[in-house]
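Novice:
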Amino acid sequence: NELKGYGNLVLVRHANGFVTAYAHASELMVKRGDTIKRGQVIAKSGQTGNVTSPQLHFEIRKGASPVDPMQHLPGA
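In our numbering, the protein residues as written are 142 to 217.
Next comes the structure, spelled out in structure tokens:
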């Protein structure tokens, strides 16, 4: 499984078919099945999984394929 090294992970399924991933969290603030609102804290940054320092791994996927997040983050 390619997500195995991500440690504590939140996957958010969006209505448009995208999935966003937030990995290596020290604490998860949501659970499976929760409805997420814009601006809601879903996790605390951490150092879980295969990393050597605290960090957030952010990823956008369409189906199983990663996509460039810069196309979806205005002003970034």
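Ideal Cβ positions, reconstructed from N, Cα and C, are used throughout, including at glycine.
Mapping DSSP to helix, strand and coil, what is P207?
Specialist: Strand.
Novice: Contact criterion: CB-CB distance below 8 Å. Does F199 meet it with respect to chain D?
Specialist: Within the model displayed, chain D is absent; a lone protein chain is all it includes.
Novice: Do S206 and K185 have their C-beta atoms closer together than 8 Å?
Specialist: It is not a contact, given that the beta carbons lie outside the stated cut-off.
Novice: Taking all protein chains shown into account, decide if A217 is buried (16 or more other Cβ within 10 angstroms of its Cβ) or exposed.
Specialist: A217 comes out exposed.
Novice: If contacts are defined as beta-carbon pairs under 8 Å, then G190 and G146 qualify, I think. What distance do you get, rounded to the angstrom?
Specialist: Yes, G190 and G146 are in contact; Cβ-Cβ is about 5 Å, under 8 Å.
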